[in-house]
Amino acid sequence: MADAIFAEGLTKRFGDVVALDGLDLAVEEGTVTGLLGPNGAGKTTTVRVLATLLKPDSGRAVVGGVDALADPVRLRRGIGLSGQYAAVDEDLTARENLEMIGNLYHLGRAGARTRAAELLERFDLAQSADRVVKGYSGGMRRRVDLACALVARPGVLFLDEPTTGLDPRARSVMWDVISELVASGSTLLLTTQYLEEADHLADRVAVIDHGRVVAEDTPDRLKSRIGQERLELTVSRAADLETARSLLGSLASGELTVDAAELRVDVPVNVAAEALVAAVRLLDGAAVPLKGAHVRRSSLDEVFFALTGTAPVEPGGDATVKAPGRDASVPEPASAVSVPVDLKEPVA
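One point on numbering: in our numbering, the residue at position 244 of the sequence shown is 273, and numbering is uninterrupted.
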C-alpha cells in the first residue's frame, strides 16, 4: 500500500530547544499509527507540522499525496485535525458549530445540516445539540471537537490525544468511531498517553524520544522484540519454593524473582511456549506440584520505559519539549485548531 503520510528529516527548533531532530515517519493508507512518547518528545509538534500549522526548519512532509510545504491549502482540504484541547466556539450550540464547519467545507446548507445531525447522533449529543457549548462539560466539548474533525469525512485524520478527558463510555464510543473510519478507508495518526488505547487501536506504533522516532513496528512485534516474556509459576507447598527456584534458574534469560507470600517464581524467558513445557517437566520430575502456571507478555508500558527510560505519565500533564543533553524545557505548542479551514494563505 502507498503511504498516506510520509515525513523525512523533519527538524524544528524553538530557540535553543530541539523539538524535532531529523524525524522520519511513514503511515500506510487505511491504517492507524499510534504516536507514543514522553511529554516533550515532539508528538504534538509532529502533528502540527504534518497538518501545516507549523513550518519545519528543514525536511519534507507529504500527506495524502500533497506536499505540506509546497501546497498547504490543498492539503488542508483533505485532512481532519483534533488537537489536544477542544477548539469550538463556546457561544454557538453544538449543532451550529458542526454546521459552520460543514459550510466552511462547502457542503452546502442542506449537506451541512444533514452531516451535523449524523455526527450529533453518533457522538451521543443529539439531546443537547441546541444548547450553547459554554454550558457543556469538558468531556462534551471534547466530543463536539472530535465530531468537527470528521465533518468532511477526511481521508487523513490527525487526532492529538483524542480521548483525554472523556469518561469510559465516551472513550468506547470514540474507539468505535476510529475503527469505523479505518474500515471505510481513512488513515489515522493518533497521539495518546493511554498505552492500552494504542495497543487496542493501532496497526503500528511509532515511539518518539527527543524529536526522533526511536522504534516503529506493530504493537505485538515491539513487545516481542523489546520486551520480554515471563513465566509465572505458583507451587502448592512452601517447602518446594526453593527447589522450584533452583530448577527454573536454568531456563531464565534474566534474573528471576521469588514471591514467598504467593509461592510464586517469576522467570524471564525468550520463548515462553518452549520454556513453559520445559518448566513443567523439570518440576514434575522433582515431584514439585504446581498450583498455577501463566505466561505474561510485556506490556506497551514496559516497552515504552525500555525505549525512553521514562514511565508513561497520566493524561493531562503539562507537555514540555526537552532539549537532548541539557536540563531545559519550554512548553510545547498546543494545537488550537479543531479542523483545517479553506484559508487563502498558508499558515506560518
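Note that CB positions come from ideal geometry on N, CA and C, so glycine has one too.
Could you check where the alpha helix (DSSP H) with residue i kicks off and where it finishes?
i      : result
Thr221 : Segment: none, Thr221 is in no alpha helix (DSSP H) and carries neither H nor E.
Thr122 : Run containing Thr122: none; DSSP gives neither H nor E here.
Ala312 : Note that residue 312 is Leu in the sequence shown here, rather than Ala. Leu312 -> alpha helix (DSSP H) spans 301-314.
What would DSSP say about residue i, mapped onto helix, strand or coil?
i      : result
Val95  : strand
Glu58  : coil
Leu83  : coil
Glu147 : helix
Ala116 : coil
Pro197 : helix
Val46  : strand
Asp295 : strand
Asp159 : coil
Val102 : helix
Asp232 : coil
Thr286 : strand
Leu270 : helix
Gly51  : strand
Ala181 : coil
Gly380 : Any question about residue 380 goes unanswered here, given that the chain covers just 30 to 377.
Gly63  : strand
Asp238 : strand
Leu217 : strand
Ala176 : helix
Gly69  : coil
Glu374 : Unreliable positioning characterises Glu374 in this predicted model, as indicated by a pLDDT of 40, which lies under 50. The coordinate reading is nonetheless provided below. Residue state, collapsed to three classes: coil.
Ala281 : coil
Arg250 : helix
Using the Cα positions of residue i and residue j, report the straight-line distance between them to the nearest angstrom.
i      : j      : result
Val324 : Val332 : 17 Å
Gly346 : Ile130 : Legend: pLDDT at Gly346 = 40, less than 50; position of this residue unreliable, no value from coordinates given.
Thr193 : Ser282 : 38 Å
Leu260 : Gly278 : 12 Å
Leu217 : Asp159 : 30 Å
Asp50  : Thr221 : 21 Å
Ala115 : Ala304 : 49 Å
Asn68  : Glu284 : 31 Å
Asn126 : Ser208 : 24 Å
Ala97  : Arg89  : 8 Å
Thr272 : Pro297 : 17 Å
Thr247 : Pro101 : 30 Å
Val317 : Val47  : 57 Å
Asp118 : Val202 : 23 Å
Arg326 : His135 : 49 Å
Ala235 : Leu64  : 5 Å
Leu311 : Gly94  : 58 Å
Pro362 : Asp174 : Summary for Pro362: the model assigns pLDDT 37, below 50, so the residue's position carries little reliability; its value from the coordinates is reported in the next sentence. Between Pro362 and Asp174, the C-alpha separation is close to 18 Å.
Glu57  : Arg233 : 10 Å
Thr62  : Lys252 : 16 Å
Leu188 : Phe152 : 16 Å
Val243 : Thr40  : 15 Å
Ala301 : Glu226 : 25 Å
Glu150 : Arg124 : 11 Å
Gly38  : Gly240 : 11 Å
Ala322 : Ala212 : 38 Å
Lys351 : Arg182 : Residue confidence for Lys351 is low, a pLDDT of 34 falling below 50, so the modelled location carries little weight and cannot support an answer.
Starting from the C-beta of residue i, find all residues in its chain whose C-beta is less than 6 Å away, skip the five residues before and the five after it, and write them out in chain order.
i      : result
Phe35  : Ala55, Val91
Gly214 : Gly59
Ser265 : Pro318, Lys320
Ala70  : Ile237, Asp238
Arg274 : Val287, Val294
From the beta carbon of residue i, is the nearest beta carbon of chain B less than 8 Å away?
i      : result
Tyr114 : The structure shown contains no chain B; it is built from a single protein chain.
Which residue marks the beginning of the beta strand (DSSP E) containing residue i, and which one marks its end?
i      : result
Ala33  : 32-43
Ala244 : 241-246
Glu261 : 258-264
Val324 : 319-325
Ser111 : 108-111
Leu186 : 185-189
Ordered along the chain, which non-local residues of its own chain (more than five positions away) have a Cβ less than 8 Å from that of residue i?
i      : result
Ala289 : Ala267, Leu270
Gly168 : Gly194, Leu195, Asp196, Ala199
Leu179 : Gly109, Leu148, Leu186, Val206, Leu210
Asp32  : Ala55, Val56, Glu57, Glu58, Val91
Gly79  : Contrary to the premise, residue 79 reads as Leu rather than Gly in this sequence. Same-chain partners within the cutoff: Ile34, Ala36, Ala90, Val92, Ala97, Phe187, Leu218.
Glu291 : Thr263
Just to confirm my understanding: we take residue i, look at its own chain, exclude 5 residues before and 5 after, and list those with CB closer than 7 Å. What are they?
i      : result
Glu128 : Ala141, Arg142, Ala145
Glu190 : Gln113, Thr220, Thr221, Gln222, Pro344
Gly66  : Lys72, Val236, Ile237, Asp238, Thr337
Ala231 : Val61, Thr62, Gly63, Leu219, Pro248
Ala315 : Thr272, Leu276
Trp204 : His229, Leu230
Leu122 : Per the sequence shown, residue 122 should be read as Thr rather than Leu. So the qualifying residues of the chain are Ala158, Asp159, Arg160, Val161, Val162.
Could you tell me how far apart the beta carbons of residue i and residue j are, in whole angstroms, since I believe they sit closer than 8 Å?
i      : j      : result
Asp238 : Leu336 : 7 Å
Arg172 : Leu154 : 6 Å
Val294 : Leu262 : 5 Å
Leu52  : Thr75  : 6 Å
Asp120 : Lys163 : 7 Å
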